[in-house]
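Using full-length UniProt numbering, the first residue of the sequence shown is number 1, and each one after it goes up by one. Beta carbons are placed, not taken as given, at the ideal position from N, Cα and C, and that holds for glycine. Here's the structure we're looking at; comments come further down.
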Amino acid sequence: METTIAGTHNERAKKKAVRRTIFLFLFVIVGLTFFSGTLMNMSLPQVTVEKAAAGTLAHEITGSGTVEAAETADLYTEMNWAVSEVLVKVGDRVEAGQQLVAFRTTDAENSLHESEVKYKQQQLSLLKLQDNFADAARNSNDVQMRSISRDIESAKLEIEKLERQIATLRSQLAAYSRIKAPVSGLVTEVNAVQGAPVQSGKAAVRIADLAKGQILKAVIDYTKAQYVGTGDEAELIFPALNNTRVKAKITDIRDAYAAQGGTAASSAGQNGNDTEQKEVTFTLRDDRLKGGERGEFDIVKRTKPFPLLLSSDAIREDNSGKYVLVLKEKKGPLGSEYVLQRAAVQTGDADDKKTSVEKGVTPLDKVVVSSSKPVSEGDRVMQTD
1 METTIAGTHN
11 ERAKKKAVRR
21 TIFLFLFVIV
31 GLTFFSGTLM
41 NMSLPQVTVE
51 KAAAGTLAHE
61 ITGSGTVEAA
71 ETADLYTEMN
81 WAVSEVLVKV
91 GDRVEAGQQL
101 VAFRTTDAEN
111 SLHESEVKYK
121 QQQLSLLKLQ
131 DNFADAARNS
141 NDVQMRSISR
151 DIESAKLEIE
161 KLERQIATLR
171 SQLAAYSRIK
181 APVSGLVTEV
191 NAVQGAPVQS
201 GKAAVRIADL
211 AKGQILKAVI
221 DYTKAQYVGT
231 GDEAELIFPA
241 LNNTRVKAKI
251 TDIRDAYAAQ
261 GGTAASSAGQ
271 NGNDTEQKEV
281 TFTLRDDRLK
291 GGERGEFDIV
301 KRTKPFPLLL
311 SSDAIREDNS
321 GKYVLVLKEK
331 KGPLGSEYVL
341 QRAAVQTGDA
351 DDKKTSVEKG
361 VTPLDKVVVS
371 SSKPVSEGDR
381 VMQTD
């Protein structure tokens, strides 16, 4: 009897041990499966996603240029007279009628005096010839009359020539003995040097007409230029004036290549392709500006609302066109898995950060914006917050 009871007890102990072993084995298997799954998930690319949402785009147009006069008065001299005195320098403010440069006119004055003397002498000679002609007429001396008549005509022609010389010299002395400011403004250039004639083809003095204000020209990319137009108002920032903001208006937009007479413009941050650049002209007015100051602008133009906007980094492109990668969730025995699916999209307008999507996604789609590793359609990934 005791033997039977002992055998039964041992049998139960063996079964209990077997159950424990089986349970432990299953526990280890499940643990290993979970652990391996966790390790696999940790090795998957991590992606950040976003959902397309309604919003507006902000087109930012930035650039810089230098101030110059809207209109200038270039003052030339037609005479090759030496300069006797320069009365202004660059940066001077002048009033209309103010004397700027005086010239040495001694030679011209001497020539005028000599011509006037010759003119008087010729007049006296003409009077004498006319008296001689009268005497020959009284004596009926036809030969002498014809000779004197020719001399009279010659004297008259000489007198006319001297009259023109005198008038020209007087006009030159009146017009070019000095240069006066035709407008009130700021002297921006002086090419007159005391003791020497002004170099041919150069303005002796250049004056910025203060009454006409200033302009600032800047070159921007053509893709940015489409968002601004003539008549648009902006603020220009001048570092030289402690970052003072000056109101300005866009008065002209043209191809940069054409605006500079066939010489392509260049500026920092641009690709150098002259066919893709526009020159924008701002008109402004501020008495503190003398010309040459650097002005900066940052114009932001907001669009009408778009139904769906995505980060521009989410838009991808290959030979088949533009597309996005959408995160799809799949239920598995060990939980959810995330797989990427390609979705072709049709895009519209875009700014520096966002792009409008017209077709291909819905507001519920989770679209991949960035990833820790390169990813493509069909890849398993992990979503990060």
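* Test item: CB-CB of ALA58 and ARG302 under 7 angstroms -> yes
| said: What does the alpha-carbon distance come out to for the pair GLY348 and VAL357? | reply: 6 angstroms
- Message: Let me check one thing: in DSSP terms, what residues is GLU163 bridge-paired to?
- Response: DSSP, once it has assigned bridges, lists no residue as partnering GLU163.
* In terms of alpha-carbon separation, which member of PHE103, VAL326, TYR338 lies closest to VAL345? -> VAL326
| request: Say whether chain D places a C-beta atom closer than 7 angstroms to the C-beta of ILE152. | output: The question asks about chain D, but that chain is absent: this structure has only one protein chain.
*If you draw a straight line from the alpha carbon of PHE103 to that of LYS180, how long is it in whole angstroms?*
12 angstroms
- Query: Does DSSP classify MET79 as helix, strand or coil?
  - Reply: coil
> Since LEU310 and VAL367 are thought to touch, with beta carbons under 8 angstroms apart, how far apart are those beta carbons, to the nearest angstrom?
Replying inline: 6 angstroms
Between the beta-carbon of VAL276 and the beta-carbon of TYR222, is there less than 7 angstroms? Here residue 276 is Glu; the residue named in the question, Val, does not match the sequence. Contact flag set, yes.
Residue environment, ALA69, which counts as buried when at least 16 other CB atoms sit within 10 Å: buried
ask   = CA-CA distance, PRO239 and VAL90?
value = 22 angstroms
Exercise. What span of residues does the alpha helix (DSSP H) with THR223 cover, start to end?
Worked result: 222 to 225
Check your understanding: Contact check, ALA203 vs LEU75 under 8 angstroms by CB: the rounded distance?
Key -> 6 angstroms
Between the alpha carbons of PRO363 and VAL246, how many angstroms are there, rounded?
43 angstroms
7 angstroms Cβ cutoff met for ALA211 and GLY63 = no
How do the stretch 108 to 117 and the stretch 136 to 155 stand: do at least 3 beta-carbon pairs fall below 8 angstroms, yes or no? no
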